[in-house]
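**Q** Under numbering that gives the first Met the number 0, the letters of the sequence shown match residues 0 to 190, in that order.
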Amino acid sequence: MSLYNLLNRRRMVREYEDRPLERDKLERVLAAALRGPSAGNSQGVSLVVVQTLENRQAIAALAGEPDWLARGYPAWLSLAPVHLILCAEPQVYRDRYAQPDKDTAEKNWPVPYWHVDAGCMLMILLLAALEEGLAAGFQGIHNLPGLADLLHIPAEVEPIGLLTLGYSQSSRKGHSANRPARAQRVHLERW
Ligand SMILES: Cc1cc2nc3c(=O)[nH]c(=O)nc-3n(C[C@H](O)[C@H](O)[C@H](O)COP(=O)(O)O)c2cc1C
């Protein structure tokens, strides 16, 4: 599918079929994720791949899924067959930018490049999922207290959020249909 078609179809999916994901599809998505751009070629963004029911249910519990179910919402995290935890390692970037070929300006990190790189990887994952006929959804780390402890993520690694992968059983159009007018977001020559 062309990139523009993928972008038009992309939306966050929070309802999945209770169906496993083929290994080859997951492998291709993971390979694509590692092809993103990276500040200074630091390559300091990683993924934790979670597939066991036990871990998925534990993550769903952390995210408060039982409360959501009790309020009549459908299950999201526990049903999605694959969770990918997006993680960044700020120190990898600090070390890279301490190298002689980098000037000192970046050392104040006006923009934390590990977050930019993580965003790039997230976008690749969302598009690669669609290319494989899959759906994906993202939940920010603010909704996942205790995730680092559960998955033994070291203190120096910053979890960014969780991407679910699987087969969609949602017919909702999502927010993608509702985009701001271009003039609100694209400024010509000056803001
Ligand atoms: C950084 C980031 C954090 C997000 N966090 C959550 C979240 O915690 N829970 C959730 O349901 N959706 C989350 N989303 C998904 C957004 O709600 C969604 O992208 C937005 O509503 C637009 O919908 P669309 O992606 O389907 O076009 C997040 C998206 C991003 C990019």
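Built from N, CA and C at the ideal position, the CB exists for glycine as well.
None of these values were measured; they are calculated from a predicted model.
Checking 9 Å against the spacing of the C-beta atoms, do L129 and L46 come in under that value?
**A** no
**Q** For Y15, which residues does DSSP report across the bridge?
**A** S167
**Q** Any heavy atom of ligand 1 inside 8 Å of the beta-carbon of H141?
**A** yes
**Q** Can you tell me whether V91 is helix, strand or coil according to DSSP?
**A** helix
**Q** Would you list the one or two residues that DSSP bridges to G132?
**A** Note: G132 sits in no beta bridge, so no partner.
**Q** Answer with buried or exposed for V81, where buried requires no fewer than 16 other C-beta atoms within 10 angstroms of its C-beta.
**A** buried
**Q** When you measure from the CB of M11 to every non-hydrogen atom of ligand 1, does any distance come out below 8 Å?
**A** yes
**Q** What separation, rounded to the nearest whole angstrom, lies between the Cα atoms of V91 and S41?
**A** Whole-angstrom Cα-Cα distance: 6 Å.
**Q** Would you say L164 touches ligand 1, meaning its beta carbon is less than 8 Å from a heavy atom?
**A** no
**Q** For ligand 1, is there a heavy atom less than 8 Å away from the beta-carbon of Q138?
**A** yes
**Q** What do you reckon, are the CB atoms on G136 and K24 nearer than 9 Å?
**A** no
**Q** Quick one: measure Cβ to Cβ for W113 and V44, integer angstroms, because I've assumed they're closer than 8 Å.
**A** 7 Å
**Q** Distance, Cα to Cα, M122 vs A69?
**A** Their Cα atoms are separated by approximately 32 Å.
**Q** Quick check on G165: buried or exposed, where buried means 16 or more other Cβ atoms within 10 Å of its Cβ?
**A** buried
**Q** Just how far apart, CA to CA, sit I84 and V185?
**A** 32 Å
**Q** Name the DSSP bridge partner or partners of G139?
**A** G160
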